[in-house]
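Chemist:
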Amino acid sequence: MLKFPGTNGDEDVAHVVRLFGMESQIVWYKEFKQKDWDAIVLAGGFSYADRLRAGAIAAATKAMDEVLEAAEEGKPVLGICNGFQMLVEKGLMGEAALLHNENNRFICKWVKLKVTDVKTPWTLAYEEGEEVDMPIAHAEGRFYASEKPNRIAFQYVENPNGSLWDVAGVVSPKYENVVGMMPHPERASEEVLAPPGRGPGGKKVWESLRTALKSGW
Ligand SMILES: NC(=O)CC[C@H](N)C(=O)O
2 MLKFPGTNGD
12 EDVAHVVRLF
22 GMESQIVWYK
32 EFKQKDWDAI
42 VLAGGFSYAD
52 RLRAGAIAAA
62 TKAMDEVLEA
72 AEEGKPVLGI
82 CNGFQMLVEK
92 GLMGEAALLH
102 NENNRFICKW
112 VKLKVTDVKT
122 PWTLAYEEGE
132 EVDMPIAHAE
142 GRFYASEKPN
152 RIAFQYVENP
162 NGSLWDVAGV
172 VSPKYENVVG
182 MMPHPERASE
192 EVLAPPGRGP
202 GGKKVWESLR
212 TALKSGW
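The numbering of the sequence shown is our numbering, which starts it at 2 and goes up by one.
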């Protein structure tokens, strides 16, 4: 897992990855070499204080060239929230952008999602069309693209931010091993963290990864 100045989701991701039986290390972006890792998670936060646009400055680092190389090699790469913004800014998610939420506010709440692509290393443990709960926490999460993406990984059941096509997460059009999503699966992977009436809808992201890595993805 990669840490930039302002990343804040790294400890939570490392914790759940270990909880699901895998090893995980947090690596400072200056020291990051992709060849050392089987999979990469770009955790959420406020890298470089969201200056310019969220994820834009992180996308210009050498560490993100390493991430691109890992994507090209077929390694599973997941961008969560600010990590998704980095993948978009790096150009890995096609002609797309994450704009300010329609209401111009930072939105922090649990939402219901539909899993719409289960052919990625991050989603293969879900049923297609399965509805799950996860929290969102972002200001710049409104998915925009001139054309509907071919592979949408997660869709909002009730769209909170004005994203086109209810997009909450997409598969890279170039690399099917690369997924970006605004909701936070790492905050929804333990029963105890789910509020009343909600379930830990992120668990299967890590179960998917475990299965994918075991089968040599
Ligand atoms: N939780 C996050 O990663 C937030 C992402 C970004 N800082 C935003 O507000 O849009």
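All C-beta atoms in this analysis are idealised placements derived from N, C-alpha and C, irrespective of residue type, glycine included.
Assuming Lys4 and Ile27 make a contact with CB atoms under 8 angstroms, what is their CB distance in whole Å?
Modeler: Contact holds; Cβ gap of about 5 angstroms.
Chemist: So, with DSSP's three-state summary, where would you put Asp37?
Modeler: Note: Asp37 maps to helix in three-state DSSP.
Chemist: Just list the residues that DSSP pairs Val112 with in beta bridges.
Modeler: Per DSSP, Met135.
Chemist: Suppose contacts are defined by Cβ-Cβ distances below 9 angstroms. Is Arg143 in contact with Asn102 by that definition?
Modeler: Result yes, Cβ atoms of Arg143 and Asn102 sit closer than 9 angstroms.
Chemist: What three-state label does DSSP hand Tyr30 in the structure shown?
Modeler: DSSP places Tyr30 in helix when its eight states are reduced to three.
Chemist: Which of helix, strand or coil does DSSP assign to Tyr127?
Modeler: The answer is coil: DSSP assigns Tyr127 none of H, G, I, E or B.
Chemist: In chain order, which continuous runs of the alpha helix (DSSP H) of length 4 or greater are located wholly inside the stretch 79-106?
Modeler: Listed in chain order, they are 83-90.
Chemist: Is Asp51 near ligand 1, judged by its Cβ being under 8 angstroms from some heavy atom?
Modeler: Yes, Cβ of Asp51 sits closer than 8 angstroms to a heavy atom of ligand 1.
Chemist: Just grab the DSSP bridge partners of Lys4 for me.
Modeler: For Lys4, which the question treats as bridged, DSSP gives the partners Trp29.
Chemist: CB-CB under 8 angstroms to Val14, same chain, minus the five flanking residues each way: which ones, in chain order?
Modeler: So the list reads Met2, Ser25, Val42, Ala44, Ile81 and Glu187, once near-sequence residues are dropped.
Chemist: Return the first residue and the last residue of the beta strand (DSSP E) that Ala55 is part of.
Modeler: Here Ala55 belongs to no beta strand (DSSP E), and DSSP marks it neither H nor E.
Chemist: For Glu148, I'd like the list of residues in its chain whose CB is within less than 8 angstroms of its CB, leaving aside the five on either flank, ordered along the chain.
Modeler: Once the five neighbours on either side are set aside, the close Cβ partners of Glu148 are Glu96.
Chemist: Give me the Cα-Cα distance between Ala40 and Gly22, rounded to the nearest whole angstrom.
Modeler: Taking the straight line joining both Cα atoms gives about 14 angstroms.
Chemist: Report back the beta-carbon spacing between Pro150 and Val168 to the nearest angstrom; my notes put them in contact at under 8 angstroms.
Modeler: Confirmed, about 7 angstroms.
Chemist: Ends of the beta strand (DSSP E) at Met183?
Modeler: Counting along the chain, Met183 falls outside any beta strand (DSSP E), and DSSP gives it neither H nor E.
Chemist: With Ala146 as the anchor, note down where its beta strand (DSSP E) starts and where it stops.
Modeler: Looking at the DSSP string, the run of the beta strand (DSSP E) that includes Ala146 is Arg143 to Ala146.
Chemist: Who does Val179 pair with in a DSSP beta bridge?
Modeler: Beta-bridge pairing links Val179 to Val78.
Chemist: Quick one: what does DSSP say Val206 is sitting in, helix, strand or coil?
Modeler: Helix, per DSSP.
Chemist: Exposed or buried, Lys34, counting other C-beta atoms within 10 Å across all chains shown (16 or more means buried)?
Modeler: Its Cβ having fewer than 16 others within 10 Å, Lys34 is exposed.
Chemist: Would Trp123 be called buried (16 or more neighbouring beta carbons within 10 Å of its own) or exposed?
Modeler: It counts as buried.
Chemist: Inspect the beta-carbon positions of Met135 and Gly198 and report whether they are closer than 9 angstroms.
Modeler: Contact flag unset, no.
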